[in-house]
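Reading through the structure tokens given below for one structure.
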Amino acid sequence: MISPEILINSLMLGVMLGGLYAVIGIGLSISFGVMKIVNLAHGDFLVLGCYFAYACLSFFGIDPIPSLIILVPIFFALGLALQKFMLERSFKIDPNAPILLTFGISIILQNLYLLIWTPYSKALITSYMLMTLRIGKYNIPFIYLLDLLVALVALILLRAFLKKTYLGIAIRASSQSWRASQLVGINTSRVQAFAFGLALALSALSGVFVGLTLPFTPTSGTNYLLIAFGVLMIGGVGSMVGSFIGGIVMGLTQLLSGTFLGVGWQLFFTSIIILIALSIRTEKILGVKK
Amino acid sequence: MTRPSFKTILPIVVVILLAVLPLLNVGAYWTFLLFLFFIYLVLASMWNLLAGYAGLVSLGQSSFIGFAAYTVGALLMMDISPYLAIIPGGVAAAALCVIVSIPLLRMRGIFFAIGTLVVSEALRIFFTNFKPVAETAVWGGAGIPIKAYISPTALYYLALILSLISLLLLKFILNSKFGLGLMAIRDNEAAAISCGVNSFRSKLYAFILSSFLTGIAASVFYLFQGHVEPFGAFGMSWNMAMLIAVIIGGLGTLEGPLIGAAIIVFFQQMLAGFAGLSLIIEGIIIVVIILTMPKGIMGVVKNLRAQRA
Amino acid sequence: MSKTMLKVSEINVYYGSFHALWDVSLEVKEGEMVALIGPNGAGKTTTLNTIIGALKQQNGHIEFQNKSIDNLEVYERIAIGLAMVPEGRMLFPELTVLENLIIGSYIKRVERDRMLDMVFALFPILKERKNQLASTLSGGEQQMLAIGRALMCDPKLLIMDEVSLGLAPKVVDSIYKVVRELNTRGMTVLFVEQDVRRAIREAERVYVLEAGKVVLSSEAKEVSEENILRKYFGVVESENDIA
Chain A
142 MISPEILINS LMLGVMLGGL YAVIGIGLSI SFGVMKIVNL AHGDFLVLGC YFAYACLSFF
202 GIDPIPSLII LVPIFFALGL ALQKFMLERS FKIDPNAPIL LTFGISIILQ NLYLLIWTPY
262 SKALITSYML MTLRIGKYNI PFIYLLDLLV ALVALILLRA FLKKTYLGIA IRASSQSWRA
322 SQLVGINTSR VQAFAFGLAL ALSALSGVFV GLTLPFTPTS GTNYLLIAFG VLMIGGVGSM
382 VGSFIGGIVM GLTQLLSGTF LGVGWQLFFT SIIILIALSI RTEKILGVKK
Chain B
2 MTRPSFKTIL PIVVVILLAV LPLLNVGAYW TFLLFLFFIY LVLASMWNLL AGYAGLVSLG
62 QSSFIGFAAY TVGALLMMDI SPYLAIIPGG VAAAALCVIV SIPLLRMRGI FFAIGTLVVS
122 EALRIFFTNF KPVAETAVWG GAGIPIKAYI SPTALYYLAL ILSLISLLLL KFILNSKFGL
182 GLMAIRDNEA AAISCGVNSF RSKLYAFILS SFLTGIAASV FYLFQGHVEP FGAFGMSWNM
242 AMLIAVIIGG LGTLEGPLIG AAIIVFFQQM LAGFAGLSLI IEGIIIVVII LTMPKGIMGV
302 VKNLRAQRA
Chain F
59 MSKTMLKVSE INVYYGSFHA LWDVSLEVKE GEMVALIGPN GAGKTTTLNT IIGALKQQNG
119 HIEFQNKSID NLEVYERIAI GLAMVPEGRM LFPELTVLEN LIIGSYIKRV ERDRMLDMVF
179 ALFPILKERK NQLASTLSGG EQQMLAIGRA LMCDPKLLIM DEVSLGLAPK VVDSIYKVVR
239 ELNTRGMTVL FVEQDVRRAI REAERVYVLE AGKVVLSSEA KEVSEENILR KYFGVVESEN
299 DIA
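Heads up: the sequence lines are chains A, B and F, in that order.
Read in order, the letters of the first sequence are residues 142 to 431 in the working numbering.
Read in order, the letters of the second sequence are residues 2 to 310 in the working numbering.
Read in order, the letters of the third sequence are residues 59 to 301 in the working numbering.
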């Protein structure tokens, strides 16, 4: 039987991982809220962050966390470019086109990873990643604690940005009424590009920490897209607190099902949760959009 | 009596040619290519029915493919004749469809797409863990063999007949009241409902029909393949192939899947030696097509015809 | 002679194949208060939307302060001094009153605090409710917020579309009192108003739009409500009118 210690251990790890999942979800939430399109390659960009950091580590010996200094700006710029040159154009052609476009990008990315890095799973291995802290009776891998810390800082900073800065309020305004945003002088096209760049920058950030925490393969992107979606559905669009709750639900589901049924079943139960969230919340999310 | 037009004679000639092809000793390779073409044609046509006519973008058709395949494998293990296992494969897929439509058809647009993706992922993981047979079998026990002693020629004819049936069925549907209702839903669901179209039921029927034929095609394919495992059956490769074929050929057209399926088979064979490269190129093609000619090749053809008129 | 602030010259606007505006011309001079009136469906909102840039005219020109604005996007026109209180208000429902106002000063951030003080002085109720979500306000308060938000960018020309819709007369009175005050201080106003009598009372000049065409352009004091209603709106006031 499962001892209470293991159960509590799983609960703690689930919450900590959940924090990171919240960050993964918030990126998708920002881009969905502002642009009304879902980037199906969202998870694959996160995995791009993993592979980038992996390359930095194996070729240049740069530790993943410092590599963020290069990664985040690159990803931000990538997001701006993608929005301006591809997504905006495809949205004008047909509202459904971005779905297919981002699916195409997802195909390209996943197979690129397959080609370059082989289908075998990789992980970002550093000295601190293997450390474990002993808190009372529990062994907590240091990386999980770091994940939670990073997630909290990121969410708090994001909240401040969205509430207190002109650009942040403009992003929120654009997601509520595109027409009204234009009427107060907001260049909605530029705001959308920024939002997408921000979403991708968050992917780089969460990608590095995900890579430090869990192994990844070329197809992991699909899994993280679904997790981001679960967070979005449970937490609603653009809400920090909601995303945090959503992330925790996903994290707990994963850890607890792993503990009780084995590692292989984790993702099965997260899928079920996402399906439930999708069927209940679609109306609500679409309702807000009207 | 008026002479039948070129347009009606040509398809009949083509079909007759295809029917006698195996007898002409063209070699197993070409029969195999055409076999693949027929299968992809059915899959693409069904995806097109959903996305191009009903407005339902499904990213999880592989759910039905894999489920049908496992059903066929299970039936064969119970010593049922392969020919008798094909229809049950389709029925199993349709049954799965009915069950998942309950949550899925409550979702719209992108949420529906993601929902279908979740279903196929869930099935993939389930079957990876389920391990119905011993560890020594395919894929560490997660896969099952599909030992059917059918000749490739027999499978070729099955595939040919199947693709003919699905094309004719599609043509019939699209010219019917049901098809009109579907297209109305695709263009403006609210307006369609106010005109008396039962949106939910129309979408449900389209979904079930497409999953049924998808399942049948899958059954025939996997009888050829000889085994099934979770990653290939429930993974993204089938979804990618269908989407690529229809987008390149032309979404919402009858001829689109024909062109697209041919291109897919061509590409895969051309780049067979270069593993993932074919998919990367196909992905790039999708991106380019959506940005430059979103209506696919058929769209370009129709534009040219309109300009000439 | 006062300068021309806005000049619309013979614009034609189509919705698909529907010809909505036919060679519409109008002019607003600096410091004026001009009303655009007409029966429902005449094209008043279409005209305003074309001026602000949400719709593109097929031909004809629009000039603001003697410079063409035909090629400017909506947000670019806001940046040069136009502002609009749209039909239906178009507030940001999930933003607070204060946030709605703050985002209104997006292009004139330096002036934010000064404009905020001005708006709160004009509409004290908004100051009271500044931390409430916009969607929780009453109709009249929402209208005030919409006007306040438009004012936050310190515009030269304020365009208002049917601010009286759905509001009690007393509330409308107080709103127009504020607009009059702003006009006295020098703000140019172009407004669409459903209530003909009020429009004639508040404006210096009126344009009457009917079926997409300007059918009357006159000083406000030279027209009477009955004439307009009878001639252009097809309204019969009494038996005596049926000649």
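We put the CB at the ideal spot given by N, CA and C, even for glycine.
These numbers come from a predicted model, not from an experiment.
Boundaries of the alpha helix (DSSP H) harbouring A70/B: S63 to M78, taken from the DSSP string. Residues of chain B whose Cβ lies closer than 8 Å to the Cβ of L419/A are, in chain order, P104, M108, F112, I115, G116 and V119. Distance from V332/A to V175/A at the Cβ level is roughly 7 Å; contact confirmed, criterion being Cβ atoms closer than 8 Å.
Residue environment analysis places V266/F among the buried positions, since at least 16 neighbouring C-beta atoms fall within 10 angstroms of its C-beta.
Take Y261/A, set aside five residues on each side of it, and the residues of its chain with a beta-carbon closer than 8 Å to its own are T358, in chain order. The beta-carbon of V177/F is placed no less than 7 Å from the nearest beta-carbon of chain A.
Contact between the segment 255-272 of chain F and the segment 81-100 of chain F is present: three or more C-beta pairs spanning the two stretches fall below 8 Å. The beta strand (DSSP E) runs lying completely inside the segment 171-215 of chain B and spanning 3 residues or more number zero.
Each of P295/B, S177/B and A70/B was checked against the Cα of L124/B, and the nearest Cα belongs to A70/B. Your pair V177/F and M210/F checks out as a contact, with CB atoms roughly 7 Å apart and the cut at 8 Å.
At a cut-off of 7 Å between C-beta atoms, A160/B does not count as an interface residue with respect to chain A. Between L265/A and A194/A, the C-beta spacing is below 7 Å. Taken in chain order, no unbroken stretch of beta strand (DSSP E) lies wholly in the segment 332-377 of chain A with a span of 3 residues or more.
Distance check between D128/F and each of V66/F, K271/F and N285/F places V66/F closest, using alpha-carbon atoms only. Its Cα nearest to that of L223/F, the residue F249/F stands out among N241/F, F249/F and D212/F. The Cβ of L241/A sits closer than 7 Å to at least one Cβ of chain B.
When C-beta distances to chain A are compared with 9 Å, the residues of the segment 156-172 of chain F below that value are E157, N158, I160, I161, G162, S163, Y164, I165, K166 and R167, in chain order. Listed in chain order, the non-local C-beta contacts of I265/B below 7 Å within the same chain comprise Y41, A242, I245 and A246, local neighbours out to five positions each way being set aside. Check the Cα spacing between Q116/F and each of V71/F, E239/F and K87/F: the tightest is with V71/F.
Fully contained in the segment 86-159 of chain B is no beta strand (DSSP E) run of length 3 or more.
In the DSSP assignment, G168/A falls outside any beta strand (DSSP E) and within the unbroken alpha helix (DSSP H) covering P145 to M176. Among the residues of the segment 222-234 of chain B, none has a Cβ less than 8 Å away from any Cβ of chain A.
Ranked by Cα distance from T411/A, the first of L393/A, I421/A, F401/A and R422/A is L393/A.
Contact between L19/B and L35/B holds: their C-beta atoms lie close to 7 Å from each other, under 8 Å. Residues of chain A with a Cβ closer than 9 Å to the Cβ of I136/F are, in chain order, Q323, L324, V325, G326 and I327. Look at E152/F: its C-beta is under 7 Å from a C-beta on chain A.
In this structure Q190/F does not touch R147/F by the C-beta definition: roughly 15 Å separates them, more than the 8 Å allowed.
In the displayed model, F122/F falls within a strand according to three-state DSSP.
When DSSP states are grouped into helix, strand and coil, M91/F belongs to the strand group. Taking a C-beta cut-off of 8 Å against chain B, the contacting residues of the segment 394-409 of chain A are G403, G405, W406, L408 and F409, listed in chain order.
The beta carbon of S275/F is closer than 6 Å to those of Y265 in its chain, skipping five residues each way along the sequence. Residue burial is scored here from C-beta neighbours: Y234/F has at least 16 other C-beta atoms within 10 angstroms and is therefore classed as buried. In the structure shown, D128/F adopts coil according to DSSP, grouped into three states. DSSP places R187/F outside both helix and strand once states are collapsed to three, so it counts as coil. When I205/F, I161/F and E131/F are compared, the shortest CA-CA separation from S318/A is found for I161/F. In the DSSP annotation of this structure, the continuous segment of the beta strand (DSSP E) that includes M63/F starts and ends at T62 to Y73.
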